[in-house]
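Read through the structure below, which is laid out as structure tokens, and then see the notes.
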Amino acid sequence: MSQKVRAVIARRKNEPVTVETVVVPDPGPGEAVVKVQACGVCHTDLHYRQGGISDDFPFMLGHEAAGVVESVGEGVTEVEPGDFVVLNWRAVCGQCRACRRGRPWYCFATHNAAQRMTLEDGTELTAALGIGAFADKTLVHAGQCTKVDPAASAAVAGLLGCGVMAGLGAALNTGNVQRGDSVAVIGCGGVGGAAVMGANLAGASRVIAVDIDDRKLATARKLGATHTVDSRESDPVEAVRELTGGFGADVVIDAVGVPETYRQAFYARDLAGTVVLVGVPTPEMRLELPLLDVFGRGGALKSSWYGDCLPSRDFPMLIDLYLQGRLDLDAFVSETIELDGVEESFDRMQAGDVLRSVVVL
Numbered sequence: 001m002s003q004k005v006r007a008v009i010a011r012r013k014n015e016p017v018t019v020e021t022v023v024v025p026d027p028g029p030g031e032a033v034v035k036v037q038a039c040g041v042c043h044t045d046l047h048y049r050q051g052g053i054s055d056d057f058p059f060m061l062g063h064e065a066a067g068v069v070e071s072v073g074e075g076v077t078e079v080e081p082g083d084f085v086v087l088n089w090r091a092v093c094g095q096c097r098a099c100r101r102g103r104p105w106y107c108f109a110t111h112n113a114a115q116r117m118t119l120e121d122g123t124e125l126t127a128a129l130g131i132g133a134f135a136d137k138t139l140v141h142a143g144q145c146t147k148v149d150p151a152a153s154a155a156v157a158g159l160l161g162c163g164v165m166a167g168l169g170a171a172l173n174t175g176n177v178q179r180g181d182s183v184a185v186i187g188c189g190g191v192g193g194a195a196v197m198g199a200n201l202a203g204a205s206r207v208i209a210v211d212i213d214d215r216k217l218a219t220a221r222k223l224g225a226t227h228t229v230d231s232r233e234s235d236p237v238e239a240v241r242e243l244t245g246g247f248g249a250d251v252v253i254d255a256v257g258v259p260e261t262y263r264q265a266f267y268a269r270d271l272a273g274t275v276v277l278v279g280v281p282t283p284e285m286r287l288e289l290p291l292l293d294v295f296g297r298g299g300a301l302k303s304s305w306y307g308d309c310l311p312s313r314d315f316p317m318l319i320d321l322y323l324q325g326r327l328d329l330d331a332f333v334s335e336t337i338e339l340d341g342v343e344e345s346f347d348r349m350q351a352g353d354v355l356r357s358v359v360v361l
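The opening residue of the sequence shown carries number 1 in the UniProt record's numbering; numbering runs sequentially from there.
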């Protein structure tokens with residue numbers, strides 16, 4: 001039997017979000033209903049509200065979530081009612097060419113629930129990243145549920161569902177930071193801060209945080225940065241080179257995603273170094289680089305989509321590290337709010353006042 005729950009809805013482009021009643025159907029084959037316990041407020045949710053991802057309004061927002069499986073549909077074996085799970089938007093198919101090559105973190109056909117949640121009048125909703133977790137309960141594909149140790153706080157565990165995983169994975173997976181490497185991170189908000197933490201966790205000898213906000217640079221220090229660069233006051237390329245013996249960093253992570261910061265990342269890396277783009281550009285952005293420099297500097301230019309994570313592999317491991325006291329995920333939770341506080345949290349996020357606001361239900 002379907003259920004009626006509260007959820008945060010973006011009805012039209014750039015209009016404030018509202019808390020409305022949503023109808024959640026019983027799970028069908030391969031689906032699960034999850035009782036949401038906490039959900040982080042991510043910049044992607046704001047992009048949905050601004051119409052920057054698609055115009056398939058109305059949207060049911062929220063995707064950085066953790067909760068408990070309430071019910072499952074036919075054929076579901078990976079989770080069962082009562083399991084504590086982190087929701088993910090990379091439910092791998094197991095059948096596409098990436099999965100068949102043994103690279104499921106690149107899956108080209110990830111799963112979402114087949115059924116749609118609706119408003120009370122029957123209007124179908126588009127769930128953000130196939131999740132829609134600013135809600136008491138949500139319907140997802142069972143593969144979007146990753147079981148983790150229930151000893152972890154839901155407010156912390158849910159952050160692995162998007163931004164924190166994107167940053168950690170940019171360093172650990174895409175950048176493949178090795179012990180003793182030098183790493184520079186440009187842009188130290190939630191994703192960049194997590195990249196700093198990931199580089200530190202990997203054993204980087206030097207982690208250089210670059211930003212224009214003193215507050216973010218101070219936070220980056222707490223997350224493991226050994227050096228900081230205020231790019232309002234100095235050229236970040238020259239500063240990174242100076243801090244790395246004149247050579248540039250082994251890995252440079254662009255967590256902003258605009259042409260200017262990408263060029264900085266490109267020239268701030270050592271010869272044969274790696275650039276990782278994890279900040280999300282907008283469709284109109286264009287980049288121009290001398291092709292001879294691309295050729296002559298060698299190395300690798302990579303994009304990191306969701307930190308190249310495999311949720312079934314990475315989420316339980318990272319939660320274990322958190323419970324062991326080796327990964328301070330609590331540092332990302334700036335505040336906890338209620339469902340009706342999401343719109344105001346967008347303002348604080350844009351002002352740089354928080355790393356993450358987390359809705360606790």
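Yeah, the Cβ is synthetic: ideal placement off N, Cα and C, and Gly gets one too.
Check whether the Cβ atoms of residue i and residue j sit closer than 8 Å, and answer yes or no.
i              : j                 : result
residue 362    : tyrosine 262      : Only positions 1 to 361 of the chain appear in this structure, which leaves residue 362 out of reach.
serine 304     : threonine 146     : no
threonine 21   : arginine 11       : no
glycine 187    : aspartate 211     : yes
tryptophan 105 : aspartate 308     : yes
aspartate 254  : leucine 277       : yes
cysteine 99    : histidine 111     : no
glutamate 64   : leucine 159       : yes
alanine 199    : valine 252        : no
aspartate 250  : threonine 274     : yes
methionine 349 : histidine 47      : no
alanine 38     : valine 359        : yes
residue 371    : leucine 201       : Residue 371 cannot be examined here, being either before or after the span of the chain that is shown, 1 to 361.
glycine 193    : alanine 220       : yes
leucine 243    : phenylalanine 266 : no
proline 27     : glutamate 343     : no
Take residue i and list the residues in its own chain whose beta-carbon comes closer than 7 Å to its own, dropping the five residues that flank it on each side.
i             : result
lysine 137    : Gln3, Val5, Val24, Val33, Val34, Lys35, Val36, Glu70
alanine 157   : Ala66, Val86, Val148, Ile319
glycine 75    : Pro29, Gly30
isoleucine 53 : His47
aspartate 330 : Val156
tyrosine 322  : Ala152, Val156, Leu329
valine 333    : Ala155, Val156, Arg356, Val358
Applying the criterion that 16 or more other CB atoms from any shown protein chain within 10 Å of the CB defines a buried residue, is residue i buried or exposed?
i                 : result
alanine 272       : exposed
glycine 102       : exposed
lysine 13         : exposed
alanine 7         : buried
serine 345        : buried
threonine 228     : buried
threonine 336     : exposed
arginine 356      : buried
methionine 1      : exposed
phenylalanine 315 : buried
arginine 97       : exposed
threonine 77      : exposed
alanine 351       : exposed
glutamine 264     : buried
arginine 49       : buried
aspartate 45      : buried
methionine 60     : buried
aspartate 347     : exposed
arginine 241      : buried
proline 81        : exposed
proline 58        : buried
glycine 161       : buried
glycine 190       : buried
aspartate 56      : exposed
aspartate 83      : buried
glycine 40        : buried
So, at 6 Å on beta carbons, what are the nonlocal neighbours of residue i in its own chain, with the 5 sequence-adjacent residues on each side left out?
i              : result
arginine 206   : Ser182, Thr226
proline 281    : Gly257
residue 377    : Since the first residue shown for the chain is 1 and the last is 361, residue 377 is missing from the structure and cannot be characterised.
methionine 197 : Leu223, Gly224
glycine 246    : none
glycine 169    : Gly307, Asp308, Cys309
alanine 300    : Thr274
valine 236     : The question names valine, yet the displayed sequence has proline at residue 236. Here the set comprises Val210, Val229, Gln264.
Using a Cβ-Cβ cutoff of less than 8 Å, which residues in the same chain neighbour residue i once the five nearest sequence positions on both sides are dropped?
i             : result
valine 79     : Ala32, Val69, Val72, Val85, Ala142, Cys145, Lys147
lysine 302    : Thr174, Gly175, Thr274, Val275, Val276, Leu277
glycine 180   : Gly203, Ala204, Ser205
aspartate 340 : Val19
valine 51     : Sequence inspection shows glycine at residue 51; the valine mentioned does not correspond to that position. Contacts found: Lys13, Asn14, Phe57.
arginine 326  : Leu201
Assuming residue i and residue j form a contact by the criterion Cβ under 8 Å, report the distance between their Cβ atoms to the nearest whole angstrom.
i           : j                 : result
alanine 268 : glycine 248       : 5 Å
glycine 62  : phenylalanine 108 : Rounded, the Cβ-Cβ distance is 25 Å, inconsistent with contact.
glycine 132 : methionine 117    : 6 Å
Cβ-heavy atom distance between residue i and the ligand SAH below 7 Å?
i              : result
isoleucine 253 : As presented, the structure is devoid of all ligands, the ligand SAH included, so that no description of it is given.
Touch test, the segment 228-248 against the segment 150-167, Cβ-Cβ under 8 Å, three pairs minimum: No contact exists between the segment 228-248 and the segment 150-167.
Stretch-stretch touch, CB-based, cutoff 8 Å, three pairs: the segment 120-129 with the segment 165-177: The segment 120-129 vs the segment 165-177: no contact.
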